[in-house]
Amino acid sequence: MSPWRTRVRADHYDVATRARAEPGTWVLAGRYSSGNSAQSMASQVKAAARLPAYQPPGSFDARTEPDGDLTSVLVRYVPRRSTPQTTSTGSTE
Numbered sequence: 046m047s048p049w050r051t052r053v054r055a056d057h058y059d060v061a062t063r064a065r066a067e068p069g070t071w072v073l074a075g076r077y078s079s080g081n082s083a084q085s086m087a088s089q090v091k092a093a094a095r096l097p098a099y100q101p102p103g104s105f106d107a108r109t110e111p112d113g114d115l116t117s118v119l120v121r122y123v124p125r126r127s128t129p130q131t132t133s134t135g136s137t138e
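To get our numbering, take the position in the sequence shown, counting from 1, and add 45.
Encoded structure:
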């Protein structure tokens, strides 16, 4: 068997949809042969950089973890809480 692995492209729209269906639950987004690649992908998920499935930026969290000789990227949807509006009297609505 070749030491080079075939990279399987992740379906980020599917991953984001599954994560949105279960807020706070970690969902496998992909496995990478390079820890640096996995960390880069996790950063892109958090910032929604070049990955419109994870818009708006900050609505997804991501982490990496060892998975044998690969590194997995896991994502979870973190719904934003709306900030209470402050009135001119200083009270919140």
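Note that beta-carbon positions come from the ideal geometry of N, C-alpha and C, so glycine has one too.
Item to complete: Give the single residue among A87, R63, Y77, L73 whose Cα lies nearest to the Cα of G103.
Response: A87
Worksheet item: How is G113 classed by DSSP in three states: helix, strand or coil?
Response: coil
Worksheet item: Can you round the beta-carbon distance between A55 and G75 to whole angstroms, since I take them to be within the 8 Å contact cut?
Response: 4 Å
Worksheet item: Mind checking whether the beta-carbon of S104 lies closer than 7 Å to any heavy atom of the ligand HEM?
Response: The ligand HEM is absent from the structure shown, which contains no ligand whatsoever.
Discussion item. Considering only their Cβ atoms, is the gap separating T70 from R121 smaller than 8 Å?
Written reply: yes
Worksheet item: From Y77 to A92, what distance separates their C-alpha atoms?
Response: 19 Å
Practice prompt. Report all residues from its chain with a CB closer than 6 Å to the CB of H57; omit the five preceding and five following residues, and keep chain order.
Written response: L96, A98
Worksheet item: In whole angstroms, what separates the C-alpha of V90 from that of D112?
Response: 19 Å
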